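Heads up, the sequence shown is in the working numbering, so the first residue is 2 and it goes up one at a time. Just so you know, even glycine gets a beta-carbon here, dropped at the ideal spot from N, CA and C. Nothing here was measured: the structure is a model prediction, and the numbers come from that model. Notes follow once the structure below has been shown.
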Amino acid sequence: MKKILMSLVIMVLAIVSCKSDKQTDQKFLTIENIDSSIKPTDNFYMFVNGNWYNKTVIAPTESSAGAFLDIYNRTKENLKTIFVDLAKESHKEGTVEQQVADFYASGMDTVTIDKLGYEPVKPYLTKIEAITDTKSLMDVVSTNQTQYLTSFVGLWISADEKNSSMNLPSFYQTGLGLPDRDYYFKTDAATSNVVNAYQTYINKLFQLTGSDATTAAKNVELVYNLEKQIAAAHLTNVELRDPQANYHKMAVADLNKSMPNIGWTTMLSQMKIKTDSVNISQPKHYENINSLLSSTPISTWQLYLKARLLTQIADDLSSDFVNASFDYNGKALSGKKQLKPRWERVIQTTDNTLNEALGQLYVKKYFNAEAKSRMLELIDNLQKAFEKRIDHLDWMSADTKVKAKEKLYTFIKKVGYPDKWRDYSKVVIKKDQYFNNLISASENEYNFQVSKVGQAVDRTEWGMTPSTVNAYYNPTFNEIVFPAGILQFPFFDPNADDAINYGGIGMVIGHEMTHGFDDQGAQYDKDGNLKNWWTKEDEAKFKEKGKAVINLYNGFTVLDTVHVNGALTLGENIADIGGIAIAYDAFKLTKQGKDTVKIDGFTPDQRFFMSYAQIWRAKLKDEVVRQRINTDPHSPPSYRVMAPLMNFEPFYKAFNVKEGDKMFIVEKDRIKIW
Ligand SMILES: [Zn+2]
Numbered sequence: 002m003k004k005i006l007m008s009l010v011i012m013v014l015a016i017v018s019c020k021s022d023k024q025t026d027q028k029f030l031t032i033e034n035i036d037s038s039i040k041p042t043d044n045f046y047m048f049v050n051g052n053w054y055n056k057t058v059i060a061p062t063e064s065s066a067g068a069f070l071d072i073y074n075r076t077k078e079n080l081k082t083i084f085v086d087l088a089k090e091s092h093k094e095g096t097v098e099q100q101v102a103d104f105y106a107s108g109m110d111t112v113t114i115d116k117l118g119y120e121p122v123k124p125y126l127t128k129i130e131a132i133t134d135t136k137s138l139m140d141v142v143s144t145n146q147t148q149y150l151t152s153f154v155g156l157w158i159s160a161d162e163k164n165s166s167m168n169l170p171s172f173y174q175t176g177l178g179l180p181d182r183d184y185y186f187k188t189d190a191a192t193s194n195v196v197n198a199y200q201t202y203i204n205k206l207f208q209l210t211g212s213d214a215t216t217a218a219k220n221v222e223l224v225y226n227l228e229k230q231i232a233a234a235h236l237t238n239v240e241l242r243d244p245q246a247n248y249h250k251m252a253v254a255d256l257n258k259s260m261p262n263i264g265w266t267t268m269l270s271q272m273k274i275k276t277d278s279v280n281i282s283q284p285k286h287y288e289n290i291n292s293l294l295s296s297t298p299i300s301t302w303q304l305y306l307k308a309r310l311l312t313q314i315a316d317d318l319s320s321d322f323v324n325a326s327f328d329y330n331g332k333a334l335s336g337k338k339q340l341k342p343r344w345e346r347v348i349q350t351t352d353n354t355l356n357e358a359l360g361q362l363y364v365k366k367y368f369n370a371e372a373k374s375r376m377l378e379l380i381d382n383l384q385k386a387f388e389k390r391i392d393h394l395d396w397m398s399a400d401t402k403v404k405a406k407e408k409l410y411t412f413i414k415k416v417g418y419p420d421k422w423r424d425y426s427k428v429v430i431k432k433d434q435y436f437n438n439l440i441s442a443s444e445n446e447y448n449f450q451v452s453k454v455g456q457a458v459d460r461t462e463w464g465m466t467p468s469t470v471n472a473y474y475n476p477t478f479n480e481i482v483f484p485a486g487i488l489q490f491p492f493f494d495p496n497a498d499d500a501i502n503y504g505g506i507g508m509v510i511g512h513e514m515t516h517g518f519d520d521q522g523a524q525y526d527k528d529g530n531l532k533n534w535w536t537k538e539d540e541a542k543f544k545e546k547g548k549a550v551i552n553l554y555n556g557f558t559v560l561d562t563v564h565v566n567g568a569l570t571l572g573e574n575i576a577d578i579g580g581i582a583i584a585y586d587a588f589k590l591t592k593q594g595k596d597t598v599k600i601d602g603f604t605p606d607q608r609f610f611m612s613y614a615q616i617w618r619a620k621l622k623d624e625v626v627r628q629r630i631n632t633d634p635h636s637p638p639s640y641r642v643m644a645p646l647m648n649f650e651p652f653y654k655a656f657n658v659k660e661g662d663k664m665f666i667v668e669k670d671r672i673k674i675w
């Protein structure tokens, strides 16, 4: 999911909050959340959300609370209704109703799951134990991959970045148990706590699968040291953001010569991939693996493969494994206190596993066609507003403007759900076979992905499920995508005034559009090819503007000494700064945008900005803040609101921001890109 992950509005929402807000009184701006003791011109985010922030307690099962999580909770309740209703009837074998219902039932069958313990993974452990040399090691790595049980090989099949109408397999760096390579080398106390929790976790997994305490402790050290050697050759999150530096199309024949231990021809054949060339996204990683395969004893590799396998599967085994996983993933990494109820976790797994099968049932029951037509209208208005902004840019030449507008009008727009659904007819789902169900769905997904190799790209494909509360821009498709899940209040409500919808979902649309023109997106042309369409001078000016954005965000402190990483978050920040400006211009084209009539005591412009601050209201545990600063390309929610507004003239007018106010920036220093 690398390519798609890099362009999300927010990272995958593995986070849910306490209570959902009911919109029965038709108040689309939640006035009660305002903290009037704070000047909007000093801290607009806390002015709009302060009362909510101060009274909100993060639920023990969560790492955060906020608007995204409220919607997620509402969506989860809707999904639960689907499962409850499905359970009332019997369904014909092989229908999506049967698959979804029985998958959920199998996940809820904790009696069977607990009784089995780690029985389901024993065949995989036996295979690992039978490894005798590099060749048999690579056999296990490759065949496990066909069920998405990954170790150090990361496979992603999508459009060739330099020939975007054809699919190409890409091999990216992977194989670590900690969230990111930097965790293996940082020595601060917070990182050490996470590392200790991770080692405890692996130790527990080894003991749960038959090791005694002494052996487990010794083996954890071996695994950790190997992972650290793998991490040493990984690129940093910032280095991964450079598309050109992560594209290396190579002939398989050459790879066989340069990295013989991996045995590319055999590996590809075992992975069911027929191709002469592949993209090695990060050659350094594969070169490192190639040499580690000679220098590391097979017995250490076996331990490493066991650790990788067990960490991927722990959440789907008996409760001992689930609890061990929670101590690390839930508590240490995310600051959660308590495991979520089983049904919530199984709903999430069903969505991840039978994505569009469940998605069909979700949209049938919960998606309204009116929302889709309103959304398409909003998108069109934003596109027009964006075009005008490009026309008025004072730093860009006419030649580049023509190309930019061409790209803008080539966007594929996807709203709600796919026009055609994926095929699940080969997936076998049985009520009492949770583990096999997961494997069957994984194999179906894997086979679908590898079937694309050598084929033309199908641009109707979706990268998110319909119920997902998120959105994305995909540079190789040049598309903006808004699943049904995000088309809910406070982002969007068909009954809300335009200020609310343009400040909410309008900003999200503008944000995704701007991704087509952020420091990464701008390197892809209208057809999704990594191909420069800029004049030299314009490109240089654009890069200068990017540097100013990096400097601005580097200055924001989050926790004690932790500050935002301006280089990691550059693309998202450009998208936020552009997104709010485009949404505002589009809002000004509406009747309310031209009006001055106050609602709840606020002008249309003020409501627009308040809606923007309202969608990003969030409260996060320190643990998850630290984790995201290291790995998340998005800035923390408060800065997603504050920084763009500090640079946006109409906000200064709407709230009368003056010199001396904390949000004030001298006019010549304000950043304006798009
Ligand atoms: Zn984004």
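Asked	Found
Boundaries of the alpha helix (DSSP H) in which residue 215 is found, first to last residue	214–233
Buried or exposed by the 16-neighbour rule on C-beta atoms within 10 Å, applied to residue 68	buried
Segment limits, alpha helix (DSSP H) that includes residue 166	That residue, residue 166, is in no alpha helix (DSSP H); its beta strand (DSSP E) goes 164–173.
Any alpha helix (DSSP H) of 4 or more consecutive residues that is wholly inside the segment 498–561	499–502, 508–516 and 537–555
Limits of the unbroken alpha helix (DSSP H) element including residue 353	343–354
Run of the alpha helix (DSSP H) containing residue 250, from where it starts to where it stops	Looking at the DSSP string, residue 250 is not in any alpha helix (DSSP H); the run it does join, the beta strand (DSSP E), is 250–252.
Closest by C-alpha distance to residue 101, when choosing among 443, 257 and 432	432
Residue 382 vs residue 87 beta-carbon contact at 8 Å	no
Within 8 Å, strictly: CB atoms of residue 554 and residue 636	yes
Inter-residue spacing [alpha-carbon to alpha-carbon] between residue 378 and residue 538	35 Å
Residue range of the beta strand (DSSP E) that includes residue 621	619–621
Residue 573 CB to nearest heavy atom of ligand 1 below 7 Å	yes
Pairwise C-alpha distance: residue 115 and residue 128	23 Å
Complete beta strand (DSSP E) runs within the segment 45–75 (minimum length 3 residues, chain order)	65–67
Extent of the continuous beta strand (DSSP E) run through residue 129	Unbroken run through residue 129 is the alpha helix (DSSP H), 123–130; no beta strand (DSSP E).
Exposure of residue 586, with buried meaning 16 or more beta-carbon neighbours within 10 Å	buried
Environment of residue 675 [buried if 16+ CB atoms lie within 10 Å]	buried
Cα-Cα separation between residue 500 and residue 551, rounded to whole angstroms	30 Å
Extent of the continuous alpha helix (DSSP H) run through residue 202	190–209
Uninterrupted alpha helix (DSSP H) stretches inside the segment 590–632 (no shorter than 4 residues)	592–595, 605–616 and 623–632
Residue span of the alpha helix (DSSP H) that contains residue 662, given as start and end	From DSSP, residue 662 is part of no alpha helix (DSSP H); its letter is neither H nor E.
Cross-strand partners of residue 457 (DSSP beta bridge)	167
Length of the line joining the Cα atoms of residue 28 and residue 62	29 Å
Beta-bridge partners of residue 159, as assigned by DSSP	169
Distance CB(residue 53)-CB(residue 618) smaller than 8 Å	yes
The segment 509–519 touching the segment 454–470, judged by at least three CB pairs closer than 8 Å	no
Own chain residues within Cβ distance below 7 Å of residue 421, not counting five before or after	461
Beta-carbon proximity check, residue 138 vs residue 132, cutoff 8 Å	yes
Range of the contiguous beta strand (DSSP E) that encloses residue 474	473–475
Euclidean distance between Cα positions of residue 224 and residue 188	19 Å
Selected residue, minimal CA-CA separation from residue 412, among 508, 401 and 387	387
Within 8 Å, strictly: CB atoms of residue 306 and residue 152	yes
Candidates 119, 567 and 437, of which the one nearest residue 239 by Cα	567
Where residue 263 sits in the DSSP three-state scheme	coil
Among 663, 181, 59 and 616, nearest to residue 641 - alpha-carbon criterion	616
Near ligand 1: residue 614 beta-carbon under 7 Å from a heavy atom	no
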